[in-house]
Amino acid sequence: MNPFNFLSGTMPPHLMESYRICRSQSEAVIQKIAIVIESVIHLKAQRHRLLIYVKDPAAAREAHDMFHQNGLKLFKFCYPGHSRRERASGLAKFNNPRNSEFDALITPYQRGADGGNFYGACHHGVIVEFPDDIRSLYRARQSLDHIGQTETPRWETMYLNYTYDAQEEFQPAQQEARLTMELPEFHQSLSTDFTAPRIDERITGQHRFICAFEIVQQIQGTGFSKHPRARMNWDEMDMPEANIEGMFYAAVGRFLMANPTTTDKFTKETMERIALRWEPGTELTMDRVVGLCLALPNGVKIYNCVKPGKGRDML
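Structure below.
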């Protein structure tokens, strides 16, 4: 009997959502580690090694067992049984290009992103799970940067559609949007390889948040804003309709930053009509905003996926 089916028939409804999330996370981590193992085998053949970031020690233990089953050597930087000397020794071996004892190093953000230096022999990193905060994500990606680094680090971020990755990716994206709004100088200090545009002070409230999410979109290069995901359930965030809705909000963000005095045109009463006069692949124009254009056959419908109690309070 499938244990999930058994539990789903016996678990109280208010606990089912938490169980679904845990199950989705667990299955996604196993799938992603299997993909990482293939990458490590490929990198090892080229005499490279890999730095792996996960969310917690439990995922690191799962990865260690899977690596061992595939004949690969993984150093767990977070293993609680290591003394400080053992941890330093393992890190030194991983950082030594003449030492091939470890094929990869795995660490949670709490340890690796807070002062870990992995630049000696490693030039490849992978984000397997997203951290809870955007600062940890930036610090993790900087842990291969050092004056002694001999190659430009290459980073991959793993994401599985229709899993809880959608919510876990949205959380730091939302934090980053708030940073661009409220602490732009601090945000710029984190994102040293991208000069974020400034949001005009005349743009406030939800309009400013839409612009901030568009800046995050430009940093990530997704092509769509994650702003609408704030009103969606995690298992709806990867739906095609959700991404198309995000394309519209990205266009709104660009329009507002170029026309900061037009915020009064975008209200709860007008947003749906404006969306119907716009289609993906085009820029939003003033004619479409003020209604001089008719609704398009392929116009965008917004508020597709709305969690109870949310959505209509958002633009």
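Here the sequence shown stands for residues 21 to 335, where the numbers follow my numbering.
C-beta atoms are modelled at their ideal positions from N, C-alpha and C, and glycine is treated no differently.
Source: prediction; values computed, not measured.
A straight-line Cα-Cα distance of about 11 angstroms links residue 156 and residue 196.
Remark: three or more beta-carbon pairs, one from each stretch, lie closer than 8 angstroms, so the segment 320 to 333 and the segment 289 to 305 are flagged as touching.
Non-local C-beta neighbours of residue 318 in its own chain, meaning closer than 6 angstroms and more than five positions away in sequence, comprise 299, ordered along the chain.
Rounded to the nearest whole angstrom, the C-alpha separation of residue 207 and residue 194 is 13 angstroms.
Burial of residue 124 is indicated by the presence of at least 16 other C-beta atoms within 10 angstroms of its C-beta. For residue 200, the enclosing alpha helix (DSSP H) stretches over residues 185 to 202. DSSP places residue 268 within a helical segment (H, G or I) once states are collapsed to three. In the structure shown, residue 122 adopts coil according to DSSP, grouped into three states. Short of 7 angstroms from the beta carbon of residue 268, and not among the five residues preceding or following it, lie these beta carbons of its own chain, in chain order: 295, 298, 320, 322.
Nearest to residue 221 by alpha-carbon distance, out of 161, 215, 229, is 229. Runs of alpha helix (DSSP H) with 4 or more residues, each lying fully within the segment 290 to 315, are found at 291 to 296, 306 to 310, listed in chain order. In the DSSP annotation of this structure, residue 158 is not part of any beta strand (DSSP E); the continuous alpha helix (DSSP H) holding it starts and ends at 154 to 161.
Residue burial is scored here from C-beta neighbours: residue 244 has at least 16 other C-beta atoms within 10 angstroms and is therefore classed as buried.
Note on geometry: alpha-carbon atoms of residue 238 and residue 209 lie some 17 angstroms from one another. For residue 128, the pairing in a beta bridge is given by DSSP as 74.
In the DSSP annotation of this structure, the continuous segment of the alpha helix (DSSP H) that includes residue 234 starts and ends at 225 to 240.
Annotation: the segment 85 to 114 contains no complete segment of the alpha helix (DSSP H) (minimum length 4 residues).
Less than 7 angstroms divides the Cβ of residue 231 from the Cβ of residue 276. With a contact defined as Cβ atoms closer than 8 angstroms, residue 234 and residue 248 miss out at about 12 angstroms. Between the C-alpha atoms of residue 102 and residue 88 there is a straight-line separation of about 18 angstroms.
Short of 6 angstroms from the beta carbon of residue 76, and not among the five residues preceding or following it, lie these beta carbons of its own chain, in chain order: 128. Assigned with DSSP and collapsed to three states, residue 282 falls in coil, not helix or strand.
The beta carbon of residue 187 is closer than 6 angstroms to those of 254 in its chain, skipping five residues each way along the sequence. DSSP places residue 147 in the strand class (E or B) of the three-state scheme. Residue environment: residue 139 is assigned as buried (16 or more neighbouring CB atoms within 10 Å of its CB, all protein chains considered).
In the DSSP assignment, residue 174 falls within the unbroken beta strand (DSSP E) covering 174 to 177. Shortest Cα-Cα distance from residue 180 to any of 211, 273, 258, 131 involves 258. Residue 214 sits in coil when the DSSP states are folded into three classes, being neither helix nor strand.
In the displayed model, residue 32 falls within coil according to three-state DSSP, outside both helix and strand. Its chain contains 57 as the residues whose beta carbon lies nearer than 6 angstroms to that of residue 90, once the 5 sequence neighbours on both sides are disregarded; these appear in chain order. Between the alpha carbons of residue 177 and residue 148 lies a distance of about 7 angstroms.
In the three-state reduction of the DSSP assignment, residue 329 falls in the coil class, being assigned neither a helical nor a strand state.
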